[in-house]
Amino acid sequence: MEKIDQLDLKILKIISVNARIPFKDVAAVCGVSRAAIHQRVQRLVDAGVITGSGYTVSPKSIGYSTCTYVGLKLERGSMYKGVAERLQHIPEIVECHFTTGPYTMLLKLFSRDNEHLMDLLNNKIQQIEGVISTETLISLDQSINRTVPVDVTL
709 MEKIDQLDLK
719 ILKIISVNAR
729 IPFKDVAAVC
739 GVSRAAIHQR
749 VQRLVDAGVI
759 TGSGYTVSPK
769 SIGYSTCTYV
779 GLKLERGSMY
789 KGVAERLQHI
799 PEIVECHFTT
809 GPYTMLLKLF
819 SRDNEHLMDL
829 LNNKIQQIEG
839 VISTETLISL
849 DQSINRTVPV
859 DVTL
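In terms of the numbering used here, the sequence shown opens at residue 709 and continues consecutively.
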């Protein structure tokens, strides 16, 4: 991708705060045409700078009241991709990271309750070949949820 310029950064700053803002409003703030905004945003999407779109559903509102982080230790770090592929089939897992530190992988998942969590751990995650141990941390409350700030002075 071409280098991100000041206009791109300004657009990113605006839409990262409100992804539903009309392009005409972004254009007015940026002092360019709506078509220019549309082209820039599409280029940023195509380049992978902007990822995802749509609505975020609150897990609690649909019955997933327990947010949990699970640290996985694998037999060998080289098993990461195979284990990640198997984890991909567990829909309650919303994030999976290959990490440094005490865990080979770190997962974020949502469950309906502690019984559902125990089933996920015992009958799905711990049954994956290569997983040798898990450590579970239940989130009691989420205090911050945001994207990284876009600095237009770069």
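All C-beta atoms, glycine included, are put in the ideal place defined by N, C-alpha and C.
Span separating the alpha-carbon of residue i from that of residue j
i	j	result
residue 791	residue 773	26 Å
residue 787	residue 771	33 Å
residue 750	residue 729	15 Å
residue 818	residue 808	23 Å
residue 765	residue 801	15 Å
residue 811	residue 845	13 Å
residue 796	residue 821	21 Å
Range covered by the beta strand (DSSP E) that runs through residue i
i	result
residue 823	Taken as a continuous stretch (DSSP letters only), residue 823 belongs to no beta strand (DSSP E), being part of the alpha helix (DSSP H) at 822–827.
residue 816	813–819
residue 841	839–847
Segment limits, alpha helix (DSSP H) that includes residue i
i	result
residue 777	First-last for residue 777: 774–782, but that is the beta strand (DSSP E), not the alpha helix (DSSP H).
residue 793	788–795
residue 722	714–725
residue 737	731–738
Residue of the options minimising C-alpha distance to residue i
i	options	result
residue 840	789, 781 and 808	781
residue 727	747, 758 and 710	758
residue 828	809, 776 and 852	776
residue 832	767, 778 and 734	778
residue 806	793, 718, 797 and 818	793
residue 857	713, 720, 714 and 715	720
residue 762	742, 784, 755 and 723	723
residue 850	859, 752 and 767	767
As assigned by DSSP and simplified to three states, the class of residue i
i	result
residue 752	helix
residue 798	coil
residue 747	helix
residue 830	helix
residue 769	helix
Residues that residue i bridges to, as DSSP identifies them
i	result
residue 805	814
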